[in-house]
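Line by line, the protein sequences are chains A and B.
Mapping to the numbering used here: the first sequence position 11 is 12, numbers consecutive.
Mapping to the numbering used here: the second sequence position 180 is 181, numbers consecutive.
Glycine included, every Cβ here is placed at the ideal spot set by N, Cα and C.
Each remark here refers to the structure printed beneath this line.
Protein chains: 2
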Amino acid sequence: MLCYNWSMSADPSPTLEDVARVAGVSRATVSRVINETRNVAPEIQEVVRRAVIATGYVPNRAARSLVTRRSDAVGVVVAGTDLSDSLSAGQFLTDPFFGRLLTGIIGALKPRGIFPALMLAENEADDAAITAYFKQGNADGALLISTHPEERLPALLDAVGRPAVRFARPARPAPVSYVDLAHREGGRVAANHLASLGRRRPVAISGPLEIPAAQERQAGYEEGWARAGCAFVPAAEGGFTYDSGERAMKELLDRVPELDAVFAASDLMAQGAIHALHDAGRRVPEDVAVVGFDDSAPARLSRPAITTIRQPLEAMAAEMVRLLLERIDDPGAGPTSVIFDPELIVRESA
Amino acid sequence: MLCYNWSMSADPSPTLEDVARVAGVSRATVSRVINETRNVAPEIQEVVRRAVIATGYVPNRAARSLVTRRSDAVGVVVAGTDLSDSLSAGQFLTDPFFGRLLTGIIGALKPRGIFPALMLAENEADDAAITAYFKQGNADGALLISTHPEERLPALLDAVGRPAVRFARPARPAPVSYVDLAHREGGRVAANHLASLGRRRPVAISGPLEIPAAQERQAGYEEGWARAGCAFVPAAEGGFTYDSGERAMKELLDRVPELDAVFAASDLMAQGAIHALHDAGRRVPEDVAVVGFDDSAPARLSRPAITTIRQPLEAMAAEMVRLLLERIDDPGAGPTSVIFDPELIVRESA
DNA sequence: AAACGATGGGAGAGCGCTCTCCCGTTTTGC
DNA sequence: GCAAAACGGGAGAGCGCTCTCCCATCGTTT
């Protein structure tokens, strides 16, 4: 059997005490140098730094947390029960939308040396477990990403004294900061683009209308068309998923055979719609122009590539982190919010 | 301005001491009841439980960690530098493959009440930060998911006494447990399926050949065809991505115009290949049959739906968790490994 | 020259828990 | 029936840090 020098023996990590002894100073002084918490004579700082390196010292987080009452950790909570045919939290992890958000969060957290704990909240038991987790002091605050408009978590977290920042405005007032997109503006941009292409028979595939974002996109789209002289826009409701987009498109083709423009409130639904149109013998974009929403990977990769409304998810994620850390550092502050602008990305489908 | 009863005042959490006082017993007894660490008279247990509920007590994790020297946390490390045109760790997060794995990990960890910390390792600085994180006692062990065959992390983590379980066998011996798929068998199954369809002009789009899994799939595929009487299989190397699949397919169409069967080592590459075939005027599956690998969402959703080799990722993720927790609970144990079987999923493309 | 604040270091308490040791009481074995 | 063992509870040390005091040594002001 192969034998390497692995797992030699984990001799106990050096403590502050050890470093202090090596440096010939007190524990307090070493602590001050490490945390830059008070002036220390430069030559002593140097001695301490050398001792830290010599001993390979690394502070024990549990001990520090015990006294500071901070964990220097944050949680990312993905919430959402499987309502209608919308995404459940579990499925959501495979959504490219989520991947981009997570990438942004991790990147923004990295400079602080913190790695987010990932949690799924799919039911009340999960909510309880997550709340307990925070109450135990495992994390100082939460980043909430939810596919569900009704949420108990903001209130629960607030009750255990943990600030939270939500992606998207909550459906009803809740004790959370949030970061959101100007969805209405996004819908308007989609309508304007389609109108400028000379289309006159628009339809819409909206997201679940109990979600504020879906409502807003739809309202903006209708508003845009109203200004372009089209007062009524037939619409079908989907659940942001591929399948629901396909289904909604079929329904709309039945109801409005003469349609020539589609706005789907997510790229996945746009992809489903395009396939449904294809199956019905319509060409995209020649016969029907399609605009999606999000600018996720499928928009770029599918054929025809989907013209879409881009959400600057990475920047939004970074802002969420900024807001959260700000509230953790200043527990007195209340919730705030930031709204980002959407951007039209023109590709092949419209 | 609206004013709710939010953030009333975070009165300090009750401690063990408080519970003990309420229950009229000692701290030690309460601790024993909570941790079920020794026999306690049933009636006293009952009294203690009542006191815990009455006070709303929840143990402070930092204090516990300080003495147990365990954090009851684990990290999920996503590693991989951007080699050639393979996926970088950041992009990888948007990969459905990763989403499924993560879902499996979170699900398997939930019963233990632990939520994984997510970290990206894209360069040596990240490796150092991650190693320090573990050394600080933030997590007891790591689940490694890498797109990169060369890895420093297993050795680094081992050096700080933290067990690790890797997804996929490491390229060279390393102090990690791992869970993997019988990739060779998967390649063989793909070849057999295509052969049974009557195809006789096979080609392959492999993954990056420095990755063992890609090698094995390719070897199995060639072996399968060899048994079916086809000694030589033209192949092009891709990077598991959509674009690389498209490119490789174009190249193969040039080199082997008469091809009638393609095995792509990932569904994403299969999707790219199908589009390239389509652009070249070939029908799938009538003219060319295509088999992918992974059974990821694109395989199910794209048209034609892709016949593929399924990796039981959720089960594999659960096994990774099991192996890791086992090693955390028994620090004496050495690395082990488990291999899973692939499964052919027949859809439209072959 | 005396009094004073400013500066930089050390001593030591204590964060909330676990766990070893200890001791009184009950059960067991011969 | 009596020693030994087993059981169930309490006391208290101490995990590795931070942070509040406290004190010695300066430099500065009147």
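Setting aside the 5 residues that flank it on each side, ALA316 of chain B has no residue in the same chain whose C-beta is closer than 6 Å to its C-beta. Look at the stretch 256-318 of chain A and you find these whole runs of beta strand (DSSP E), each 3 residues long or longer: 262-265, 290-295, 308-311.
Nearest CB-CB separation between ASN36 of chain A and chain B: not below the 8 Å threshold. Nearest CB-CB separation between PHE116 of chain B and chain A: below the 8 Å threshold. Contacts with chain A at 8 Å (Cβ-Cβ) do not include ARG28 of chain B. Contacts with chain B at 8 Å (Cβ-Cβ) include ILE107 of chain A. If you draw a straight line from the Cα of GLY142 of chain B to the Cα of ALA214 of chain B, it comes to about 24 Å. Taking C-beta atoms as the reference points, LEU278 of chain B and ARG202 of chain B fail to come closer than 8 Å. Counting only Cβ-Cβ distances below 8 Å, TYR243 of chain B has contacts in chain A at LEU302, in chain order. Annotation: Cβ neighbours of ARG62 of chain A in chain B (cutoff 7 Å, chain order): GLN137, GLY138, ASN139.
The DSSP assignment places complete beta strand (DSSP E) segments of no fewer than 3 residues inside the stretch 75-142 of chain B at 75-80, 118-122, in order along the chain.
ILE54 of chain B has no beta-bridge partner at all, per DSSP. At a cut-off of 8 Å between beta-carbon atoms, TYR134 of chain B makes contact with chain A. The straight-line gap separating the alpha-carbon atoms of ASP330 of chain A and LEU144 of chain A is approximately 15 Å. Chain order gives no chain A residues near THR337 of chain B, where near means a beta carbon separation below 9 Å; the closest approach is about 13 Å. In this model, GLU247 of chain B and GLY273 of chain B are separated by some 4 Å (Cα to Cα). Where GLU238 of chain B is concerned, the enclosing beta strand (DSSP E) starts and stops at 236-238.
Beta-bridge partners of ALA165 of chain B (DSSP): B:ALA143. Residues of the same chain with a CB within less than 6 Å of the CB of ARG185 of chain B, apart from the 5 flanking positions on each side, are GLU217, ALA220, GLY221 in chain order. GLU44 of chain A counts as exposed, since fewer than 16 other C-beta atoms from the protein chains shown sit within 10 angstroms of its C-beta. As far as DSSP is concerned, LEU158 of chain B takes part in no beta bridge. Inside the stretch 156-234 of chain A, DSSP marks whole beta strand (DSSP E) runs of 3 or more residues at positions 165-168, 178-182, 203-207, from first to last along the chain. Here ALA232 of chain A is exposed, its C-beta having fewer than 16 other C-beta atoms within 10 Å.
Per the Cβ contact rule, the stretch 106-122 of chain A is in contact with the stretch 60-79 of chain A (3 or more Cβ pairs under 8 Å). Runs of the beta strand (DSSP E) lying entirely within the stretch 9-37 of chain B, each at least 3 residues long, are absent.
Excluding the 5 residues flanking it on each side, GLY239 of chain B has same chain C-beta neighbours closer than 6 Å at ILE206, SER245, GLY246, ALA249, MET270, in chain order.
In the same chain as ASP181 of chain B, and ignoring 5 residues on each side of it, the C-beta atoms closer than 6 Å to its own belong to ALA169, ARG170, ILE340, in chain order. For the stretch 93-104 of chain B, the residues whose beta carbon sits under 7 Å from a beta carbon of chain A are, in order, LEU94, THR95, PRO97, GLY100, ARG101, LEU103, THR104.
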